[in-house]
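Colleague: Residue numbers (full-length UniProt numbering), protein chains in the order written: chain A, 1 to 205; chain B, 1 to 205.
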C-alpha cells in the first residue's frame with residue numbers, strides 16, 4: 001500500500017537524509033491509513049504517529065498540522081495515481097491502446113488503494129484547492145496526451161480539454177463502480193467494455 | 001431554485017393537504033440552501049426553519065432529524081435532476097440526439113443549482129447509502145435507455161451497465177468543470193464537444 005515507491009513526497013520540508021525520507025514516507029503511508037479509515041474529522045495526528053511508529057514530535061519535524069499532512073497526502077496520491085497509469089501505458093502502440101491500458105491500470109490501482117476515493121473526495125470539503133489541483137493537473141496532462149495523439153494522427157480531431165474531462169469522469173466513475181463498490185467484472189473486462197465506447201462511440205455502423 | 005415543481009418529496013410522512021405539501025416543499029428548498037451554503041456539519045435545523053419561515057416545531061412534523069431532512073433532500077435532488085434531463089430529451093429523434101440534449105440540459109441544470117454537487121458529494125460522507133442510491137438509480141435508468149436504444153438499432157451493441165456508468169461519469173465531470181468551476185463554454189458548446197466523443201469515439205476515420 002505504498003504511494004511513495006518511486007519518489008519522495010513533495011513537501012516544503014524535504015528531508016535531506018535517506019533516513020528522513022523514510023520517516024516521511026512512513027508518515028504519509030500512516031496518514032493514508034488513518035484518513036482512509038477514519039475520515040478527516042475523526043483522524044488524529046496521534047493516530048498517524050502511532051501507525052507510523054514514530055514519536056509525536058517527529059510529526060512536527062515534517063508537518064505543521066493535520067491539514068498540512070492531509071494536503072501532502074492528496075498531492076502524493078494524485079502523483080502516485082498518475083505515475084501508475086503513465087507507467088502502465090508506456091510502450092502502447094497508439095493512443096487508443098493507451099486509453100484501454102490506462103483504464104485497466106487505473107481500476108486495478110483503485111482496488112489496491114480503496115482509500116484513494118475517500119481521501120480525494122473528502123478533499124472537496126477540507127482542502128478544496130487540493131481537490132481542484134488534483135483534477136486540473138490530471139486534465140492538463142490528459143489534454144496534452146490527446147493533443148500529441150492528434151498531431152500524430154492517432155485520434156480524430158476534437159477539443160482536447162472537454163474530451164479530457166469526459167474521459168477522466170468516465171474512469172473515475174468506472175473505478176468507483178467496478179473498483180470499489182462491486183468487483184463483478186475484472187479491470188480488463190471493464191476496460192474492454194469501455195474502450196469500445198471510447199474508440200468507436202455509440203453510433204451503430 | 002425549486003426542486004419540487006412537479007412532485008412532492010417522497011418522504012415517509014407524506015402530507016395529506018395542499019398546505020402541508022407546500023410547507024414540506026419550503027422546508028426542502030430551505031434545506032437545499034442551508035446544506036448547500038454551510039455544509040452538513042455546520043448546517044442547523046433552526047437555519048432551515050428560519051429560511052423556510054416556519055416554527056421549529058413544524059420541522060418535526062415532517063422530519064425527525066437533520067440527517068432525515070438531508071436524506072430527503074438528496075432523494076429529491078436526485079429525482080429532480082433525472083426528471084429535468086428526461087423532460088429535455090423527450091421527443092429526441094434517437095438516442096444519440098438524446099445523449100446530446102441530455103448533456104446540455106444537465107450542464108444547464110447544474111448552473112441553476114450549483115449546490116447540487118456539494119450536497120450530493122457530501123452525501124458520500126454523511127449518508128453513504130443515499131449517495132449510492134442516487135447513482136445506482138441513475139445508472140439503472142441510463143442502462144435501460146441504452147438497452148431500449150440497442151433494441152431499436154439506434155446504437156452499437158455493447159454492455160449497457162458499464163456504458164451507463166462511463167456516460168454518467170462523463171456528465172458529472174463535465175458538469176463540475178463547465179457547470180461549476182468555470183463557465184468558459186456554454187452548455188451547448190460542452191455538449192457539442194462531448195457528443196462527438198460519445199457518438200463517434202476517438203478513432204480517426
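By construction, the Cβ of each residue, glycine as well, lies at the ideal position given by its N, Cα and C atoms.
Could you tell me whether the Cβ atoms of residue 120 of chain B and residue 134 of chain B are closer together than 8 Å?
Modeller: Taking the first residue of the second chain as 1, we reach residue 120 of chain B at position 120. Taking the first residue of the second chain as 1, we reach residue 134 of chain B at position 134. Cβ atoms of residue 120 of chain B and residue 134 of chain B: closer than 8 Å.
Colleague: To which residues of the same chain is residue 179 of chain B closer than 7 Å at the C-beta, ignoring the five residues directly before and after it?
Modeller: Taking the first residue of the second chain as 1, we reach residue 179 of chain B at position 179. The answer, listed in chain order, is 107, 110, 111.
Colleague: Anyone know if the C-beta pair for residue 104 of chain A and residue 187 of chain A falls short of 8 Å?
Modeller: Numbered from its first residue, the first chain carries residue 104 of chain A at position 104. Numbered from its first residue, the first chain carries residue 187 of chain A at position 187. Contact: yes.
Colleague: Taking 8 Å as the threshold (C-beta atoms), are residue 170 of chain A and residue 196 of chain A in contact?
Modeller: Taking the first chain and counting its residues from 1, one reaches residue 196 of chain A at position 196. Taking the first chain and counting its residues from 1, one reaches residue 170 of chain A at position 170. Contact: no.
Colleague: Say whether the segment 40-53 of chain A touches the segment 65-73 of chain A, bearing in mind that this needs 3 or more beta-carbon pairs closer than 8 Å, one atom from each stretch.
Modeller: yes
Colleague: For the segment 137-153 of chain B, which residues have a beta carbon sitting closer than 9 Å to at least one beta carbon of chain A?
Modeller: 139, 146, 149, 150, 153
Colleague: Any C-beta of chain A sitting closer than 8 Å to the C-beta of residue 105 of chain B?
Modeller: In the second chain, counting from the first residue as 1, residue 105 of chain B sits at position 105. No, residue 105 of chain B does not count as interfacial toward chain A.
Colleague: In chain A, which residues lie less than 7 Å from residue 170 of chain B when you measure between Cβ atoms?
Modeller: Looking up residue 170 of chain B in the second chain gives position 170. Correct list: 166, 169, 170.
Colleague: Would you verify that the beta carbon of residue 193 of chain A is, or is not, closer than 8 Å to some beta carbon of chain B?
Modeller: In the first chain, the residue the question calls residue 193 of chain A occupies position 193. Chain B contact via Cβ: present.
Colleague: Does chain B have any CB closer than 8 Å to the CB of residue 201 of chain A?
Modeller: As a working mapping, residue 201 of chain A is identified with position 201 in the first chain. Yes - at least one Cβ of chain B is within 8 Å of the one on residue 201 of chain A.
Colleague: Name the residue from A/62, A/45, A/55, A/35 whose alpha carbon lies nearest to the alpha carbon of residue 24 of chain A.
Modeller: For the purposes of this step, residue 24 of chain A is identified with residue 24 of the first chain, where counting begins at 1. The shortest C-alpha separation from residue 24 of chain A is found at A/62.
Colleague: Who pairs with residue 195 of chain B in a beta bridge, going by DSSP?
Modeller: On the second chain, residue 195 of chain B is found 195 positions in, with the first residue counted as 1. Note: residue 195 of chain B sits in no beta bridge, so no partner.
Colleague: Got a sec? Which residues, its chain only, sit under 8 Å from residue 129 of chain B by beta carbon, not counting five neighbours each side?
Modeller: As a working note, residue 129 of chain B is residue 129 in the second chain. Correct list: empty, nothing qualifies.
Colleague: Using only the alpha-carbon positions, how far apart do residue 15 of chain B and residue 140 of chain A sit?
Modeller: Locating residue 15 of chain B in the second chain gives position 15, counting from the first residue. Locating residue 140 of chain A in the first chain gives position 140, counting from the first residue. Taking the straight line joining both Cα atoms gives about 50 Å.
Colleague: Could you tell me which chain B residues have their CB closer than 7 Å to the CB of residue 179 of chain A, listed as they occur along the chain?
Modeller: On the first chain, position 179 is the one that residue 179 of chain A refers to. Here the premise fails: no neighbours, minimum Cβ distance about 11 Å.
Colleague: Distance check for residue 78 of chain B and residue 166 of chain A, CA to CA, integer angstroms please.
Modeller: Mapped onto the first chain, residue 166 of chain A falls at position 166. Mapped onto the second chain, residue 78 of chain B falls at position 78. Straight-line Cα distance between these residues: approximately 21 Å.
Colleague: Residue 203 of chain A by DSSP, collapsed to three states: which one?
Modeller: Numbered from its first residue, the first chain carries residue 203 of chain A at position 203. If DSSP states are grouped into helix, strand and coil, residue 203 of chain A belongs with the strands.
Colleague: Given that a residue counts as buried once 16 or more other Cβ atoms are within 10 Å of its Cβ, and exposed if not, what is residue 56 of chain A?
Modeller: Residue mapping note: residue 56 of chain A aligns to position 56 of the first chain, counting from 1. Under this definition residue 56 of chain A is an exposed residue.
Colleague: Which partner residues does residue 155 of chain B have in the DSSP bridge list?
Modeller: Locating residue 155 of chain B in the second chain gives position 155, where the first residue counts as 1. In DSSP, residue 155 of chain B forms a bridge with A/203.
Colleague: DSSP state of residue 94 of chain A, grouped into three classes?
Modeller: On the first chain, residue 94 of chain A is found 94 positions in, with the first residue counted as 1. It is coil, neither helix nor strand.
Colleague: Express the C-alpha separation of residue 192 of chain B and residue 157 of chain A in angstroms, rounding to a whole number.
Modeller: Mapped onto the first chain, residue 157 of chain A falls at position 157. Mapped onto the second chain, residue 192 of chain B falls at position 192. Their Cα atoms are separated by approximately 13 Å.
Colleague: Any idea what DSSP makes of residue 85 of chain A, helix, strand or coil?
Modeller: The residue given as residue 85 of chain A occupies position 85 in the first chain. Of the three classes helix, strand and coil, the one that applies to residue 85 of chain A here is helix, per DSSP.
Colleague: Expressed to the nearest angstrom, what Euclidean distance is found between the alpha-carbon atoms of residue 201 of chain B and residue 101 of chain B?
Modeller: For this step, residue 201 of chain B is matched to residue 201 along the second chain. For this step, residue 101 of chain B is matched to residue 101 along the second chain. Distance from the CA atom of residue 201 of chain B to the CA atom of residue 101 of chain B, rounded to whole angstroms, is 18 Å.
Colleague: Check residue 64 of chain A in the structure and name its three-state DSSP category.
Modeller: Within the first chain, residue 64 of chain A is the residue found at index 64, counting from 1. Three-state DSSP puts residue 64 of chain A in coil, outside helix and strand.
Colleague: Report, in whole angstroms, the separation of the C-beta atoms of residue 26 of chain A and residue 54 of chain A, which I expect to be a contact under 8 Å.
Modeller: Taking the first residue of the first chain as 1, we reach residue 26 of chain A at position 26. Taking the first residue of the first chain as 1, we reach residue 54 of chain A at position 54. Taking 8 Å as the upper bound for CB-CB distance, residue 26 of chain A and residue 54 of chain A are in contact here, some 7 Å apart.
Colleague: In its own chain, which residues sit with a C-beta less than 8 Å from the C-beta of residue 35 of chain B, not counting the 5 before and 5 after it?
Modeller: Here residue 35 of chain B refers to the residue found at position 35 when the second chain is read from its first residue. The answer, listed in chain order, is 43, 70, 73, 115, 118, 119, 122.
Colleague: Please look up how many angstroms separate the CB atoms of residue 203 of chain B and residue 96 of chain A, rounded, as I've assumed it's under 8 Å.
Modeller: For the purposes of this step, residue 203 of chain B is taken as the residue at position 203 of the second chain. For the purposes of this step, residue 96 of chain A is taken as the residue at position 96 of the first chain. Indeed they touch by this definition, with Cβ atoms about 6 Å apart.
Colleague: List in chain order: all unbroken alpha helix (DSSP H) runs of 4+ residues lying wholly within the segment 92-176 of chain A.
Modeller: 95-112, 115-126, 128-151, 160-174
Colleague: Straight-line CA distance for residue 206 of chain A to residue 142 of chain A?
Modeller: As displayed, chain A neither begins before 1 nor continues past 205, which places residue 206 of chain A out of reach and without an answer.
Colleague: Whole angstroms are fine: how far does the CA of residue 113 of chain A sit from the CA of residue 45 of chain A?
Modeller: Counting from one through the first chain, the residue named residue 45 of chain A turns up at place 45. Counting from one through the first chain, the residue named residue 113 of chain A turns up at place 113. Going by the C-alpha atoms only, they are around 21 Å apart.
Colleague: Is there a C-beta anywhere in chain A that falls below 8 Å from the one on residue 70 of chain B?
Modeller: For the purposes of this step, residue 70 of chain B is taken as residue 70 along the second chain, with counting starting at 1. Taking Cβ atoms only, chain A never reaches closer than 8 Å to residue 70 of chain B, which makes this a no.
Colleague: Tell me whether residue 187 of chain A sits in a helix, a strand or coil according to DSSP, three-state version.
Modeller: Locating residue 187 of chain A in the first chain gives position 187, where the first residue counts as 1. Correct three-state label for residue 187 of chain A: helix.
Colleague: Keeping to the same chain, check which residues put their C-beta closer than 7 Å to that of residue 138 of chain A; ignore five residues upstream and five downstream.
Modeller: The count along the first chain starts at 1 and reaches residue 138 of chain A at position 138. Here the set comprises 82, 168.
Colleague: May I ask you to report which of helix, strand or coil DSSP gives residue 43 of chain A?
Modeller: Mapped onto the first chain, residue 43 of chain A falls at position 43. Correct three-state label for residue 43 of chain A: coil.
Colleague: CA-CA distance, residue 89 of chain B and residue 159 of chain A?
Modeller: What you label residue 89 of chain B is simply residue 89 of the second chain in a count that begins at 1. What you label residue 159 of chain A is simply residue 159 of the first chain in a count that begins at 1. If you take the alpha carbons of residue 89 of chain B and residue 159 of chain A, they lie about 24 Å apart.
Colleague: Closest Cβ-Cβ distance between residue 205 of chain A and chain B: below 8 Å?
Modeller: Position 205 of the first chain, counted from the first residue, corresponds to residue 205 of chain A. At least one chain B Cβ lies under 8 Å of residue 205 of chain A.
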